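Numbering (the working numbering), first residue to last: 21 to 429.
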């Protein structure tokens, strides 16, 4: 495709000089004009042939480079695919190992779990027995205190002397209230006092303890009191664990070491999966664009440094310092239907002030080198970048441009 200004052949764009003007080089348009015009058709033909020859050379060399890229991509993808297959097999083995370790660990932990449950149950039963004995001792002490005449019975009148047992909090413990506490009985002995004790023990105050209770003494600010240990809150008796159970703990340490190995392997597998993420990109029919992956290319202008990282992002930053601006992240191939791989689209960049998010269109043309050739901003926040790469070079047409060929076009 040619215009008076430029030609595009096999993806190569060349700008043509003024010698490809619409004026006739043989002066036929100057007939009877009186003008003196030299016939330069041969010279112009040679110059145009040079242009086409240059285009053909670029196309040929670029296509050869493309073939090399395709071959390297094929080898690289086969190698990576082989590693993926190995990783999948290793993952299968890992899953089996994890499951085996889990089974062994659960089997090893079960006796320990059961032993701890037995210890805990016995400890709770022991604490309950201690509380019960304490309660019985307090009950016996209370019975002796309440039995003023020591006749072996606690009567209504004897219990009525303890005003703290007042049920309605009116300050008076009536005979009716006492009979209610005693279950309607006039008096109770030691065997039936247990039911009465259940009703009064939360409110009952021992006369002996009240008499022996010392007056409160002011504690100096810097004096630290010894903590009071409550038997009900005693710690779990770890020392009671048997030697056999301690051996189980040692075995469990071995299982933890295996767990650590498994975790390390999982980490390595995850990292490898990230390295193989490029297998999911569309790198062209023959993966000819894969060499661009994880690479970046820069173009420096008078004001900015533009950076293109194919399949990742486009950015710019001030040439003399300043923060980087995201001009778009990888979106998709956006070329024409006959070859979508001629245009890259990068979207969702940094938002413009009261405008859209920045985006960049990258046009790819055939070239021996991989380089950003130009950048522009045709519309506000919409950037255009020209990028040459051998990956878009097409197989050159069979053109006869030898000196013995036709001189005129």
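For each residue, glycine too, the CB sits at the ideal point set by N, CA and C.
A quick note: this is a predicted structure, and the numbers were derived from the prediction, not measured.
Identified DSSP bridge partners for residue i
{"i": "residue 383", "result": "363, 406"}
{"i": "residue 329", "result": "333"}
{"i": "residue 207", "result": "175"}
{"i": "residue 324", "result": "338"}
{"i": "residue 371", "result": "377"}
Contact check, residue i vs residue j, beta carbons under 9 Å
{"i": "residue 130", "j": "residue 174", "result": "no"}
{"i": "residue 322", "j": "residue 347", "result": "no"}
{"i": "residue 201", "j": "residue 179", "result": "yes"}
{"i": "residue 369", "j": "residue 349", "result": "yes"}
{"i": "residue 93", "j": "residue 361", "result": "no"}
{"i": "residue 364", "j": "residue 381", "result": "yes"}
{"i": "residue 80", "j": "residue 416", "result": "yes"}
{"i": "residue 86", "j": "residue 412", "result": "yes"}
{"i": "residue 78", "j": "residue 308", "result": "no"}
{"i": "residue 409", "j": "residue 403", "result": "no"}
{"i": "residue 153", "j": "residue 176", "result": "no"}
Host alpha helix (DSSP H) of residue i (start-end)
{"i": "residue 351", "result": "No alpha helix (DSSP H) holds residue 351; the beta strand (DSSP E) holding it covers 345-353."}
{"i": "residue 179", "result": "176-180"}
{"i": "residue 197", "result": "195-201"}
Where residue i sits in the DSSP three-state scheme
{"i": "residue 340", "result": "coil"}
{"i": "residue 377", "result": "strand"}
{"i": "residue 261", "result": "Since pLDDT at residue 261 reaches only 49, below the 50 mark, its modelled position is unreliable, and no value is offered."}
{"i": "residue 224", "result": "coil"}
{"i": "residue 219", "result": "helix"}
{"i": "residue 155", "result": "helix"}
{"i": "residue 248", "result": "At residue 248, the pLDDT of 48 sits below 50, so the modelled position is not reliable and the matter cannot be decided from this model."}
{"i": "residue 110", "result": "helix"}
{"i": "residue 213", "result": "helix"}
{"i": "residue 311", "result": "helix"}
{"i": "residue 305", "result": "coil"}
{"i": "residue 76", "result": "helix"}
{"i": "residue 388", "result": "coil"}
{"i": "residue 167", "result": "coil"}
{"i": "residue 413", "result": "coil"}
Unbroken beta strand (DSSP E) run spanning residue i, endpoints
{"i": "residue 393", "result": "391-399"}
{"i": "residue 318", "result": "317-320"}
*Should the segment 388-408 be regarded as contacting the segment 312-319, the criterion being three or more beta carbon pairs within less than 8 Å?*
yes
*Counting pairs of beta carbons, one from the segment 100-114 and one from the segment 324-344, are three or more of them closer than 8 Å?*
no
*Could you tell me whether the segment 156-164 touches the segment 207-219, where touching means 3 or more Cβ pairs closer than 8 Å?*
Cβ pair count under 8 Å is three or more, so yes.
*Below 8 Å, can you find three or more Cβ-Cβ pairs linking the segment 141-150 to the segment 183-194?*
no
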